[in-house]
Amino acid sequence: MNIKEIAKTSGVSVATVSRVLNHPDTVAPKTREKVLAIINELGYKPNWFARGLNFNKTDTIGLLIPSIQNPAYMEVAEGVEYVANNKGYTTLLCITEENVEKERKYIQTLIDRRIDGIILVSSLLEDSDIQEIKKQETAVVLIGENRGNSKLPIVRIDCFGAAHKAVKHLLNCGHKKIAIVYGSTPMMENNLKIKGYKLALKEAGISINEDYLVKDENTIEGGYIAARKLLGLGDERPDAIFATSDLLAFGVMDAIRDSNLSVADDVAVMGFDNIRVSNLMVPKLSTVDKPLYRMGISGARLLLDVIESEEGIAMSEIILQSKLKIRKSCGHKERIKEIF
Amino acid sequence: MKTNFLGLPLKNPVIIAAGPWNRDGENIRKSLASGAGAVITETIISEPNLDARPRIAYNGSGAQNIRLYSDVQIEGWEREIEIAKQDGGLVIASVSAHTPSELAYLAVKMEKYGADAIELGLSTPMGGALEVIASDPEEVYNMTRCVVENVKIPVIVKLSQNASNLSTVAKAVKRAGGSGVSAINAIRCILGVDIETNKPLLPTYGGYSGVPIKPLGLASVATIVQSVDIPVCGIGGIDSYENVLEYILLGASAVQVGTSLLINGRSHITKIIHDLERWAEERGITDVDDIKGKALDNLKSFEEIKIEPLYSHVKDIDCIPGCNKCINSCMYEAIYRNEDGEIVVDPNLCTGCGLCTFLCDARKLYLGW
Numbered sequence: 001m002n003i004k005e006i007a008k009t010s011g012v013s014v015a016t017v018s019r020v021l022n023h024p025d026t027v028a029p030k031t032r033e034k035v036l037a038i039i040n041e042l043g044y045k046p047n048w049f050a051r052g053l054n055f056n057k058t059d060t061i062g063l064l065i066p067s068i069q070n071p072a073y074m075e076v077a078e079g080v081e082y083v084a085n086n087k088g089y090t091t092l093l094c095i096t097e098e099n100v101e102k103e104r105k106y107i108q109t110l111i112d113r114r115i116d117g118i119i120l121v122s123s124l125l126e127d128s129d130i131q132e133i134k135k136q137e138t139a140v141v142l143i144g145e146n147r148g149n150s151k152l153p154i155v156r157i158d159c160f161g162a163a164h165k166a167v168k169h170l171l172n173c174g175h176k177k178i179a180i181v182y183g184s185t186p187m188m189e190n191n192l193k194i195k196g197y198k199l200a201l202k203e204a205g206i207s208i209n210e211d212y213l214v215k216d217e218n219t220i221e222g223g224y225i226a227a228r229k230l231l232g233l234g235d236e237r238p239d240a241i242f243a244t245s246d247l248l249a250f251g252v253m254d255a256i257r258d259s260n261l262s263v264a265d266d267v268a269v270m271g272f273d274n275i276r277v278s279n280l281m282v283p284k285l286s287t288v289d290k291p292l293y294r295m296g297i298s299g300a301r302l303l304l305d306v307i308e309s310e311e312g313i314a315m316s317e318i319i320l321q322s323k324l325k326i327r328k329s330c331g332h333k334e335r336i337k338e339i340f
Numbered sequence: 001m002k003t004n005f006l007g008l009p010l011k012n013p014v015i016i017a018a019g020p021w022n023r024d025g026e027n028i029r030k031s032l033a034s035g036a037g038a039v040i041t042e043t044i045i046s047e048p049n050l051d052a053r054p055r056i057a058y059n060g061s062g063a064q065n066i067r068l069y070s071d072v073q074i075e076g077w078e079r080e081i082e083i084a085k086q087d088g089g090l091v092i093a094s095v096s097a098h099t100p101s102e103l104a105y106l107a108v109k110m111e112k113y114g115a116d117a118i119e120l121g122l123s124t125p126m127g128g129a130l131e132v133i134a135s136d137p138e139e140v141y142n143m144t145r146c147v148v149e150n151v152k153i154p155v156i157v158k159l160s161q162n163a164s165n166l167s168t169v170a171k172a173v174k175r176a177g178g179s180g181v182s183a184i185n186a187i188r189c190i191l192g193v194d195i196e197t198n199k200p201l202l203p204t205y206g207g208y209s210g211v212p213i214k215p216l217g218l219a220s221v222a223t224i225v226q227s228v229d230i231p232v233c234g235i236g237g238i239d240s241y242e243n244v245l246e247y248i249l250l251g252a253s254a255v256q257v258g259t260s261l262l263i264n265g266r267s268h269i270t271k272i273i274h275d276l277e278r279w280a281e282e283r284g285i286t287d288v289d290d291i292k293g294k295a296l297d298n299l300k301s302f303e304e305i306k307i308e309p310l311y312s313h314v315k316d317i318d319c320i321p322g323c324n325k326c327i328n329s330c331m332y333e334a335i336y337r338n339e340d341g342e343i344v345v346d347p348n349l350c351t352g353c354g355l356c357t358f359l360c361d362a363r364k365l366y367l368g369w
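Note that the protein sequences, when read in sequence, are chains V and E. Residue 1 is where the first sequence starts when you use the numbering used here, and the numbers rise one by one after that. Residue 1 is where the second sequence starts when you use the numbering used here, and the numbers rise one by one after that.
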């Protein structure tokens, strides 16, 4: 079944059928209804690829996330998909596995398939890569910083300020020996978190102990291994550990328990992301609430603005608020802090 | 009685405040049809959440609410505004967010969809932080500035009584290019505690609104008007046309009504406007400017108050049977009943505090020389 047969059966031109499908307002109601009835009766579905070629628009966007095992990215993806779907777009999900080569390949494939735009989450691309993409005139929006200053529309939080606040909170809880467990990725964001960590300690007059900065994979296992290293420091064992993601924090908590120590009482733990399960840990994980879902919906909104807006977009950078989510694992004593 | 607020010509000064009664286009249209000068959308945020249940409590005079935000996504408001304005009328979009750029994004969208002005909600009394953003003038400046720079329509900022430095915050709004302020937002509260179950009436802190907060709203409006040259929209406990006039007489250019509508329905707004128009017509007043701020001249500093030898006098009016409020409340023991059971004030003991004149429901007592 093709458009010519519909036209023939309806007794109208191919152009009219096309207008019924794509600009129904421009067709007389009587004709429109007649054509639609025949389309329904014959079960005609327009060829999606051909349609994309005609309109130079496929109503499809690509979403690149580093990992599907990390629930933080799932929440971002959920937000993106929600907005895109509401506006009639299909989202293609690509996993980069924190591998920049894979990311580059995916982007080119998506562009070759004429998708309307791409969202890059915690991208590893360099500025030169971004310049290449810009030349191909595909709409691109970042969620979280990439490496460098690309001047692309971006949704992000202030990772530096958030980490600074988190470590200050641990200091206020009375902890002095504070370590940081950070993931090898996302690289830019973690560098900022380390800076915030260092500043908070410096302001408190505490010198940086290089043994207290431990890097590993951004996974539960990575957090476990990093924490075992820290807990093996004997007298120098930290009394608080700030992890740059909740996944790492879960691994840290596991390691503390395996060392016959108590989370919060012996070693306080602070995470980052506030993924949904962090509230179900025992004790409940204190963490930095990163508005993951909202970053997803805001990123999709920005991208669709770029795709659809003729007069340009009003906001090219949306910085969302992160806030401390104080629960039990940080060892604080004031209940009111858990309410606000 | 017309007014010009933010450069918008309002047919009367009564604006229906942000709230669930204005949650979508159809409801805003109904609110406009009640006769209001303008209507403010339910507060729009970038990530609508499920509403808590229950979320509104009432104790007979004041209400506590927790998180009354629009559950319509920002994209959906394009259609809702179209529906809202199909019969004409002014619609102000209330938007709230945690950062300047997030706030500006919502404002830009609402301007594009046809909102006539933007009201910024920076002072949610629930959630947020222990210290409300609205108490930090720099934060308020940054938020307001970012929105003003990105939209062409007027921007007003809703201020919070939770901030003790209202004038400074209102000055920050003006410095940032805001066109006006509205005061006051609901106040952080716990409405009450069930003493049998040990449970607060609602499970978290919420915003207190309704008749009991009117005195706080009046004081806030007067303070802002006397310290900053910026149009003010008065909010808090307005339940009648007299309350509208109180705010205007203390300098408000317009007012907002919310809780009264929540309790009594939209027809109560129509009644307030009708009563207000009648009052104005009887006095030949056509514009809010004719009476705006007239009570401010009578608002004195403590030093300016002349001490007069006033004491309580008794009018020849019957008491309300069984009532002894004046006797019970007189801390100077100046009021008693004589052998015939009549109220008597001992002028030597009365110090003219005035409390009995307010307590007497029969209006039997007054202060005089």
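Cβ atoms here follow ideal geometry from the backbone N, Cα and C, with glycine treated the same way. Everything numeric in this text was worked out from a predicted model, so none of it was measured.
Exposure of residue i, with buried meaning 16 or more beta-carbon neighbours within 10 Å
i                     : result
residue 193 (chain V) : buried
residue 117 (chain E) : buried
residue 302 (chain E) : exposed
residue 160 (chain E) : buried
residue 229 (chain E) : exposed
residue 242 (chain V) : buried
residue 334 (chain V) : exposed
residue 285 (chain V) : buried
residue 234 (chain E) : buried
residue 281 (chain V) : buried
residue 77 (chain E)  : buried
residue 218 (chain V) : buried
residue 75 (chain V)  : buried
Distance cut-off 6 Å: residue i Cβ against heavy atoms of the ligand ZN
i                    : result
residue 63 (chain V) : With respect to the ligand ZN, the structure shown offers nothing to examine, as it has no ligands at all.
Three-state secondary structure assigned by DSSP to residue i
i                     : result
residue 39 (chain V)  : helix
residue 118 (chain E) : strand
residue 115 (chain V) : coil
residue 287 (chain V) : strand
residue 356 (chain E) : helix
residue 6 (chain E)   : coil
residue 270 (chain V) : strand
residue 239 (chain V) : coil
residue 329 (chain E) : helix
residue 337 (chain E) : strand
residue 182 (chain E) : strand
residue 345 (chain E) : strand
residue 339 (chain V) : helix
residue 366 (chain E) : strand
residue 92 (chain V)  : strand
residue 45 (chain V)  : coil
residue 164 (chain V) : helix
residue 146 (chain E) : helix
residue 130 (chain V) : helix
residue 153 (chain E) : coil
residue 264 (chain V) : coil
residue 124 (chain E) : coil
residue 228 (chain E) : coil
Which residues DSSP lists as bridging residue i, in chain order
i                     : result
residue 65 (chain E)  : E:56, E:207
residue 155 (chain V) : V:143, V:318
residue 94 (chain E)  : E:119
residue 50 (chain E)  : Note: residue 50 (chain E) sits in no beta bridge, so no partner.
residue 323 (chain V) : V:289
residue 313 (chain E) : E:366
residue 194 (chain E) : E:199
residue 234 (chain E) : E:183, E:255
residue 280 (chain V) : Answer by DSSP bridge pairing: none, since residue 280 (chain V) is not bridged.
**OP:** Can you check the segment 245-308 of chain E for any alpha helix (DSSP H) of at least 4 residues that lies completely inside it and give the ranges in chain order?
**Re:** 259-264, 266-283
Subject >> Inside the segment 172-240 of chain V only - alpha helix (DSSP H) runs reaching at least 4 residues >> reply: 187-203, 220-231
Original post:
Touch check for the segment 140-152 of chain V and the segment 182-189 of chain V: three-plus C-beta pairs under 8 Å?
Top reply: yes
Subject >> Inter-stretch contact (C-beta, 8 Å, three-pair minimum) for the segment 278-296 of chain E and the segment 305-314 of chain E >> reply: no
Original post:
Can we say the segment 96-113 of chain V touches the segment 314-334 of chain V, given the rule of at least three CB pairs closer than 8 Å?
Top reply: no
Subject >> the segment 118-127 of chain V / the segment 59-78 of chain V touching (three or more Cβ pairs under 8 Å) >> reply: yes
Subject >> Start-end ranges of the alpha helix (DSSP H) lying completely within the segment 8-35 of chain V, minimum 4 residues >> reply: Taken in chain order, the complete alpha helix (DSSP H) segments of 4 residues or longer contained in the segment 8-35 of chain V are 14-22.
Original post:
When the Cβ atoms of the segment 256-264 of chain E are set against those of the segment 10-23 of chain E, are three or more pairs found closer than 8 Å?
Top reply: In the pairwise beta carbon analysis, the segment 256-264 of chain E is classified as touching the segment 10-23 of chain E: at least three pairs are separated by under 8 Å.
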